[in-house]
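These notes are about the structure you will find just below.
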Amino acid sequence: EDQVTQSPEALRLQEGESSSLNCSYTVSGLRGLFWYRQDPGKGPEFLFTLYSAGEEKEKERLKATLTKKESFLHITAPKPEDSATYLCAVQAYSGAGSYQLTFGKGTKLSVIP
Amino acid sequence: DSGVTQTPKHLITATGQRVTLRCSPRSGDLSVYWYQQSLDQGLQFLIQYYNGEERAKGNILERFSAQQFPDLHSELNLSSLELGDSALYFCASSTGGGSTDTQYFGPGTRLTVL
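The listed protein sequences derive, respectively, from chains A and B. Last residue of the first sequence: 168 in the numbering used here, with the numbers rising by one and none dropped. Last residue of the second sequence: 123 in the numbering used here, with the numbers rising by one and none dropped.
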């Protein structure tokens with residue numbers, strides 16, 4: 056069974072204090088690892104897709120990296136508007152030509168001014 | 010704005026009732042996915058449709074059903090509702106449904122069962 060574990064569950068940072076979020080996974084036949092951002096009561100917003108170990112992607116203050124067993128979302132000099140829950144998901148083959156996303160429970164990030 | 014629309018935004022109903030949630034995918038997307046998000050379970054995949062046909066099933070209860078219509082919009086039907094069905098229900102869409110497709114999520118429907 057595919058499993059995705061995110062840590063920490065919650066993280067409080069001062070504005071400008073850089074940190075990393077972790078996503079560890081167990082999956083047969085990883086086809087992609089996705090990062091989403093979710094604001095309270097809203098739908099997840101797509102951030103990045105990583106496909107192979109060693110791959111990195113950046114967007115503003117966010118940088119995602121991937122190894123064979125985990126992914127990190129690095130946040131550099133965060134601002135209060137970066138406060139959200141960050142979700143990690145793995146995409147794997149689920150049979151009959153279909154692929155499913157399995158989500159972690161997320162890391163709730165709070166950035167204090 | 011992802012381009013995926015969902016109606017209604019909020020739904021309050023009683024136990025034992027039946028409701029229908031609606032989703033319109035992004036223009037050009039053929040796949041629609043339904044997810045349930047509760048506080049303790051996180052985002053759980055329910056079901057996927059691709060171009061009108063059921064493609065994959067996740068943790069969907071027998072009381073729940075879905076369909077995708079010729080215009081590609083989708084409906085999720087929830088019946089014999091229980092208190093535990095209260096949750097956020099999200100629809101997502103993707104171009105095809107292949108291994109590298111990105112799913113884009115709608116704003117969700119908040120269901121409250123009293």
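Ideal Cβ positions, reconstructed from N, Cα and C, are used throughout, including at glycine.
Secondary structure of A:Gly159, DSSP reduced to three states: coil
Chain A contacts from the segment 16 to 30 of chain B (Cβ-Cβ distance under 7 Å): none
Amino acids of chain A, ordered along the chain, whose beta-carbon sits closer than 9 Å to that of B:Thr109: Arg86, Gly87, Thr104, Tyr106, Gln146 and Tyr154
Residue-level contact to chain A via CB, B:Leu70, 8 Å cutoff: no
Whole-angstrom C-beta distance between A:Gln69 and B:Ala65, which should lie under 8 Å: With a Cβ gap of about 43 Å, B:Ala65 and A:Gln69 do not count as contacting.
Cβ-based burial, A:Arg92 [other Cβ within 10 Å; buried from 16]: buried
Contacting residues, own chain, Cβ-Cβ under 8 Å from A:Lys112 (five flanking each side not counted): Phe103, Thr104, Leu105, Lys118 and Ala119
Validate contact between the segment 74 to 94 of chain A and the segment 96 to 104 of chain B using beta carbons, cut 8 Å, 3 pairs: no
Rounded distance between the beta-carbons of B:Gln15 and B:Arg31, thought under 8 Å: 7 Å
For A:Thr60, the residue or residues it bridges with in DSSP: A:Ser79
DSSP three-state assignment for A:Glu111, whether helix, strand or coil: strand
Close Cβ partners of B:Phe114 (< 7 Å) along its chain, the five nearest in sequence each way excluded: Ser11, Val13, Phe99 and Ala101
Nearest-angstrom Cβ-Cβ length linking B:Ser42 and B:Gln57, presumed shorter than 8 Å: The sequence as given places Tyr at residue 42 of chain B; Ser does not occur at that position. The Cβ separation is near 5 Å, so the contact holds.
Any C-beta of chain B under 8 Å from that of A:Leu117: no
For A:Ile130, the first and last residue of its enclosing beta strand (DSSP E): Glu125 to Ile130
For B:Ser68, the first and last residue of its enclosing beta strand (DSSP E): In the sequence on display, residue 68 of chain B carries Asn and not Ser. Per DSSP, B:Asn68 belongs to no beta strand (DSSP E) and is neither H nor E.
Test: B:Gln57 CB closer than 8 Å to a CB of chain A: yes
Cβ-Cβ separation, A:Leu128 to A:Ser75 (assumed contact under 8 Å), whole Å: 7 Å
Separation of B:Pro79 from B:Val122, as counted between CA atoms: 31 Å
Rounded straight-line distance, which links the Cα of A:Lys134 to that of B:Arg72: 44 Å
Beta-carbon spacing of B:Thr118, B:Leu39 below 8 Å: no
Beta-carbon spacing of A:Thr140, A:Lys124 below 8 Å: no
Helix, strand or coil at B:Leu92 according to DSSP, with G and I counted as helix: helix
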